[in-house]
Amino acid sequence: MNDIFENNKQNLLLINEIVANYRKQNFFVGSLKLSALLKNINSVVEVIFSREDCRDLAGELEQILPALLQAQGDQDYILQADILEGDFLPLLQKIQIKLQDDGIPQVPEFFESNMLILKEKNERLYKILQNVQGDNAKYVIAYAINGQPTVQARNGHRCFFMHSTMNPEWEAQVLAAGLPAAKNYVVFGMGLGYHVIELLKKYPENKVTVLDSEKYLLLQALRYMDWTTYFKENRIEIVYEPDITELIGHLKQMKDYELFMHYPTVQAVENPSIRTLLEDFFVTTSSMREQERFLDANFEKLSERHLPECSEIKSLFYKKNVVIVGAGPSVNQELPSLKQYRNNITIFATGHIAGTLLREGIIPDAIIITDPQPHMYQQVKGLDTKNIPLILLSTASSSVLDYYEGPVYIAYQNGYRKAEEIAEKIGAKAFETGGSVTTTALDIALQFEAEKVIFVGVDLAYTGGNSHAEGVGRRITATESLRKVISCSGEEVYTSKNLDIYRKWIERRIANLTGTVIYNTGNGARIAGAPCRRWDEMMGE
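Using the UniProt record's numbering, read the sequence shown as starting at 1 and increasing by one per residue.
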């Protein structure tokens, strides 16, 4: 019976793989896997029809299989995927649960064989793991529906799973598929090792280095996963340090790698300040990875237009009082002051707030858009921008060009190789982006030697429980996943991980700054180095 359980576990994985291939129109690969599934299903079918307590399941199977075979004969790949995902997968999951309830599954253990070769490859870790206690209050081993072990973690009052409770192996395949190809990978967080194994399988010539501070989980990973081949091939290295700051230091010394941070591992870190640091790093790297698919296409399209470089409008900023206007909740209360001091300031507006300013009769001196996503054209569509310069980051959404009526200039950025190469070739400045439009705007203003920089609507927090300015934002009601920071008035205010990262970036950028004075307005997050002041004080009245 254990063989049937293992067979069905493979069937559950095969269904996910078939559906994924069919959805991507990889019909040949999907069909091969379907053939394997249909061959593999025989033993499971025999059990269902032979057991009295499986009559209901047998009835379901009698309806599903003919429909699946008919769709296969018709080469209807969409219907095949729907039947597999919507009908067959839930049925096999019910069977797997029943087999688990019967006490049939015996999860294979690889502990002795793994430890034998670990002693040869990493004697220090071998000795540490030999002394690990059997139970751990923080981590509890459980079993997913497909029968593979997963683990539930506890951190304070929170409990969460570190791997899927449905199919950990398939979850790991999806994770690995989302990573770009690289010669070397560094994985922060082993868990039980599913994602590490998938990386090693997906890239058979590459090496994976795992950083972890939890010896109990490393012990469990060696118990439930077979690492022997990868140890022998010197393709897996495990770096254990109980002090996470030492792991971070180890990471800083490494070069030429693709980093993958296992987010449940980050969640399990008990020290709040270190966890926040790791969350910031996770958000930054994940955001970059998510947007990578847009960057190259936008860069090529913008390059084809041979747009002028933004230093041509440096005079708008040089020795001026530059007001960077974001779309934060406090911007509405500052509109009267923008009108009052309009002749004394350069208004550098983000695309998100440009429409609001123009409707108020406030014409920006320049607008900036940095986001690479295709829908960014909506920020300027229908606006009268004939005489307003627009600064586009070299990887910003090319869709903006179809709707912007005024002159457009390019800003090349550090951190994107193609932009760095062009900037060096033409002798242009390369700007730091900081991950957001307001941080990029700040660096441009500073590199163009503004006399003062004044933040308006750069709340970097959900001031008054709002996400953005009136008319372009929403109410924030769910606060469980948010952080608290100190506002300009000294009270606590909620913010998101992303916004908090941008605040910290700004603080680092303006630390020890000379030549430009930075001010803040409104009642958003307090920014060290950018004191909140009244307009008459900022304008020297």
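The beta carbon of each residue, even a glycine, is placed where N, CA and C say it ideally should be. Only a predicted model underlies this, so the values are computations on that prediction, with no experimental measurement involved.
(request) Would you decide whether Cys488 is buried or exposed? Buried here means 16 or more other CB atoms lie within 10 Å of its CB. (result) As a first step, residue 488 must be located in the sequence shown, where it is residue number 488. That one is buried.
(request) Tell whether a beta-carbon distance below 8 Å holds between Gly189 and Asp212. (result) By 1-based counting over the sequence shown, the position of residue 189 is 189. By 1-based counting over the sequence shown, the position of residue 212 is 212. Yes, they are a contact pair.
(message) According to DSSP, Val453 sits in a beta bridge with which residue or residues?
(response) For this step, residue 453 is matched to residue 453 along the sequence shown. In DSSP, Val453 forms a bridge with Val322 and Ile518.
(message) Considering only DSSP beta bridges, list what Gln152 is partnered with.
(response) Locating residue 152 in the sequence shown gives position 152, counting from the first residue. Val140 and Phe161, per the DSSP bridge assignment.
(request) Answer with buried or exposed for Ser394, where buried requires no fewer than 16 other C-beta atoms within 10 angstroms of its C-beta. (result) Taking the first residue of the sequence shown as position 1, residue 394 is located at position 394. With 16 or more Cβ atoms within 10 Å of its Cβ, Ser394 is classed as buried.
(request) Taking 8 Å as the cut-off, decide whether the C-beta atoms of Ala396 and Ile353 are in contact. (result) Residue 396 sits at position 396 when you count from the first residue of the sequence shown. Residue 353 sits at position 353 when you count from the first residue of the sequence shown. Not in contact: Ala396 and Ile353 (Cβ atoms no closer than 8 Å).
(message) Suppose contacts are defined by Cβ-Cβ distances below 8 Å. Is Glu334 in contact with Gly178 by that definition?
(response) Start at 1 with the first residue of the sequence shown, and residue 334 comes out as number 334. Start at 1 with the first residue of the sequence shown, and residue 178 comes out as number 178. Contact: no.
(request) Select from Glu112, Lys319 and Phe299 the residue whose C-alpha is nearest the C-alpha of Thr228. (result) Counting from 1 along the sequence shown, the entry for residue 228 is found at position 228. Comparing Cα-Cα distances from Thr228 to each of Glu112, Lys319 and Phe299, the minimum goes to Glu112.
(message) Please list the terminal residues of the continuous beta strand (DSSP E) segment that includes Arg483.
(response) For the purposes of this step, residue 483 is identified with residue 483 of the sequence shown, where counting begins at 1. Unbroken beta strand (DSSP E) run through Arg483: Arg483 to Ile486.
(request) Taking 8 Å as the threshold, find out whether the segment 282–298 comes into contact with the segment 309–326 through three or more Cβ pairs. (result) no
(message) Going by beta-carbon coordinates alone, are Thr350 and Ala366 separated by less than 8 Å?
(response) Residue 350 sits at position 350 when you count from the first residue of the sequence shown. Residue 366 sits at position 366 when you count from the first residue of the sequence shown. No.
(request) Return yes when the Cβ of Tyr240 is within less than 8 Å of the Cβ of Lys215, no when it is not. (result) Numbered from 1 along the sequence shown, position 215 holds the residue referred to as residue 215. Numbered from 1 along the sequence shown, position 240 holds the residue referred to as residue 240. Result yes, Cβ atoms of Lys215 and Tyr240 sit closer than 8 Å.
(message) Considering only the alpha carbon of each residue, which of Asp402, Ile64 and Lys94 lies closest to Gln80?
(response) Looking up residue 80 in the sequence shown gives position 80. For Gln80, the nearest C-alpha among the options comes from Ile64.
(request) Return the chain-ordered ranges of every beta strand (DSSP E) run that is complete within the segment 335–410 and spans a minimum of 3 residues. (result) 346–350, 366–369 and 390–393
(request) May I have the straight-line CA-CA distance separating Gly529 from Ser330, to the nearest angstrom? (result) Within the sequence shown, numbered from 1, the residue matching residue 529 stands at position 529. Within the sequence shown, numbered from 1, the residue matching residue 330 stands at position 330. Cα to Cα, Gly529 sits roughly 19 Å from Ser330.
(message) Given a cut-off of 8 Å on the beta-carbon distance, is the pair Thr209 and Glu237 in contact?
(response) The count along the sequence shown starts at 1 and reaches residue 209 at position 209. The count along the sequence shown starts at 1 and reaches residue 237 at position 237. For Thr209 and Glu237, yes; Cβs fall inside 8 Å.
(message) Could you compute how far the alpha carbon of Val437 sits from the alpha carbon of Phe260?
(response) Translated into the one-based positions of the sequence shown, residue 437 becomes position 437. Translated into the one-based positions of the sequence shown, residue 260 becomes position 260. So the two alpha carbons sit approximately 25 Å from each other.
(request) Compare the C-alpha of Phe348 against each of Val380, Leu390 and Gln378 and name the closest. (result) Locating residue 348 in the sequence shown gives position 348, where the first residue counts as 1. If we check each option's Cα against that of Phe348, Leu390 comes out closest.
(message) Taking the alpha-carbon of Trp535 as reference, which of Lys497, Thr514, Ile501 and Val453 has the nearest alpha-carbon?
(response) Walking along the sequence shown from the start, residue 535 turns up at place 535. Ranking the options by Cα distance to Trp535, first place goes to Val453.
(request) With Phe299 as the anchor, note down where its alpha helix (DSSP H) starts and where it stops. (result) By 1-based counting over the sequence shown, the position of residue 299 is 299. From DSSP, the alpha helix (DSSP H) with Phe299 extends over Pro272 to Glu304.
(request) Could you please give me the residues that DSSP links to Cys310 through a beta bridge? (result) Walking along the sequence shown from the start, residue 310 turns up at place 310. Note: Cys310 sits in no beta bridge, so no partner.
(request) May I ask which residues mark the beginning and end of the alpha helix (DSSP H) holding Asn40? (result) Within the sequence shown, residue 40 is the residue found at index 40, counting from 1. Run containing Asn40: Phe27 to Asn40, per the alpha helix (DSSP H) assignment.
(message) I'd like the ranges of any alpha helix (DSSP H) spanning at least 4 consecutive residues and lying wholly in the UniProt domain "Glycosyltransferase Maf N-terminal" (181–233).
(response) 194–202, 215–224 and 228–232
(message) Using 8 Å for Cβ pairs, my map puts Ile15 next to Leu89. What's the rounded Cβ distance?
(response) By one-based count along the sequence shown, residue 15 stands at place 15. By one-based count along the sequence shown, residue 89 stands at place 89. About 5 Å separates the two Cβ atoms, so the contact holds.
(message) Please report the distance separating the alpha-carbon of Tyr341 from that of Ile363.
(response) By 1-based counting over the sequence shown, the position of residue 341 is 341. By 1-based counting over the sequence shown, the position of residue 363 is 363. Looking at the two C-alpha atoms, the distance is approximately 13 Å.
(message) Could you pull the DSSP bridge partners for Phe5 from this structure?
(response) Taking the first residue of the sequence shown as position 1, residue 5 is located at position 5. Answer is none; Phe5 lacks a bridge partner.
(message) Distance check for Gly355 and Gln379, CA to CA, integer angstroms please.
(response) Position 379 of the sequence shown, counted from the first residue, corresponds to residue 379. Position 355 of the sequence shown, counted from the first residue, corresponds to residue 355. Distance between the alpha carbons of Gln379 and Gly355: 7 Å.
(message) Along the chain, where does the beta strand (DSSP E) containing Phe260 start, and where does it finish?
(response) Position 260 of the sequence shown, counted from the start, is the residue given in the question as residue 260. Counting along the chain, the beta strand (DSSP E) containing Phe260 begins and ends at Glu258 to Met261.
(request) With a cut-off of 8 Å on the beta carbons, I'd call Thr433 and Gln413 a contact; round off their distance for me. (result) To locate residue 433, count along the sequence shown from 1; it is residue 433. To locate residue 413, count along the sequence shown from 1; it is residue 413. Thr433 to Gln413, Cβ: 5 Å. Contact.
(request) With a threshold of 16 other CB atoms inside 10 Å of the CB of His306, please say whether the residue is buried or exposed. (result) Here residue 306 is taken as the residue at index 306 of the sequence shown, counted from 1. His306 is exposed by the Cβ-count criterion.
(message) What does the Cβ neighbour count give for residue 553, buried or exposed, with the cut at 16 atoms within 10 Å?
(response) Residue 553 lies beyond the range of the chain shown here (1 to 541); nothing can be said about it.
(message) Which of the three DSSP states is assigned to Thr495 in this structure?
(response) Translated into the one-based positions of the sequence shown, residue 495 becomes position 495. The answer is strand: DSSP assigns Thr495 an E or B state.
(request) Report all residues from its chain with a CB closer than 6 Å to the CB of Asp53; omit the five preceding and five following residues, and keep chain order. (result) For the purposes of this step, residue 53 is taken as residue 53 along the sequence shown, with counting starting at 1. Excluding sequence neighbours, Asp53 sits near nothing in its chain.
(request) Give the single residue among Leu125, Ile41 and Tyr77 whose Cα lies nearest to the Cα of Phe5. (result) As a working mapping, residue 5 is identified with position 5 in the sequence shown. The option with the nearest alpha carbon to Phe5 is Ile41.
(message) Going by DSSP in three states, Tyr240 sits in which element: helix, strand or coil?
(response) For the purposes of this step, residue 240 is taken as residue 240 along the sequence shown, with counting starting at 1. In this structure, Tyr240 counts as strand in the three-state DSSP scheme.
(message) Per DSSP, what are the beta-bridge partners of Gln413 in this structure?
(response) As a working note, residue 413 is residue 413 in the sequence shown. Gln413 pairs with Phe431.
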